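Written out below as structure tokens is the structure these notes cover.
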Amino acid sequence: MITLIFDHNYYKDLYSEFLEERKTFHKFLLWANILGYGSLIIYLILLVTLKKIDLRFVALDLFSIYTRFSIIVLYKYFEIPCVCSNLFSDDEKLVLYSYKTINAHRKEILGCLWINLFGLGYDRNLLGAEADKITHILSNRESIDWKKVGILYLIKYIFVTIVLTIYITYISL
0 MITLIFDHNY YKDLYSEFLE ERKTFHKFLL WANILGYGSL IIYLILLVTL KKIDLRFVAL
60 DLFSIYTRFS IIVLYKYFEI PCVCSNLFSD DEKLVLYSYK TINAHRKEIL GCLWINLFGL
120 GYDRNLLGAE ADKITHILSN RESIDWKKVG ILYLIKYIFV TIVLTIYITY ISL
């Protein structure tokens, strides 16, 4: 194994990246829930008050279903924290610092990872897992690059949202 002098700034950057990634996930999740349930509530209010079915209402309902479905992709995008994905990097310095970051904040980072992968009933012995065991478990999960899928899905989601908004507000009037 390569021995390097531990650069505390790099270590702090990896940990702050992990914390920022968790905050971003919770923000996206909050907005997806607001949009999904909000459009569903608006759809139901319009359906009950106007007592007729309009194509715009159906589009609004489909948008709420589509938004709720998008949470699956959002979850898969953030399922494995970047600091854990770095263990598969070709850059040995990044792998070493990532493992040191995981080791310093083992309960928080690995707890988050194992809950994401196995749920709350995960084996508590996994909190003491070494880098080899972590990479072995994650190697099966890394077959699909969810970071690329998530970005492409976000682009598609924004396009669908714009098209549905234009349809609901302008075209169908």
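Positions 0 to 172 (numbering that gives the first Met the number 0) are the ones given, in order, by the sequence shown.
Virtual Cβ for every residue (Gly too), placed ideally from N, Cα, C.
Everything numeric in this text was worked out from a predicted model, so none of it was measured.
| query | result |
| --- | --- |
| The stretch 147 to 158 / the stretch 119 to 138 touching (three or more Cβ pairs under 8 Å) | no |
| Beta carbon proximity, L93 to chain C, threshold 7 Å | The question asks about chain C, but that chain is absent: this structure has only one protein chain. |
| C-alpha gap between N32 and L126, whole angstroms | 31 Å |
| Euclidean distance between Cα positions of F62 and K26 | 19 Å |
| Inter-stretch contact (C-beta, 8 Å, three-pair minimum) for the stretch 64 to 74 and the stretch 92 to 107 | no |
| Reduced DSSP category for N102 - H, G, I as helix; E, B as strand; rest coil | helix |
| The stretch 14 to 23 / the stretch 80 to 100 touching (three or more Cβ pairs under 8 Å) | yes |
| Burial state of I108, where buried means 16 or more other Cβ atoms lie within 10 Å | buried |
| Endpoints, alpha helix (DSSP H) assigned at A130 | 130 to 138 |
| Cβ pair R55, I167 closer than 7 Å | yes |
| Reduced DSSP secondary structure (H/G/I, E/B, other) of G110 | helix |
| Exposure of F117, with buried meaning 16 or more beta-carbon neighbours within 10 Å | exposed |
| E129 burial status per 10 Å Cβ neighbour count (16 or more: buried) | exposed |
| Rounded Cβ spacing between A58 and L163 (contact assumed at less than 8 Å) | 6 Å |
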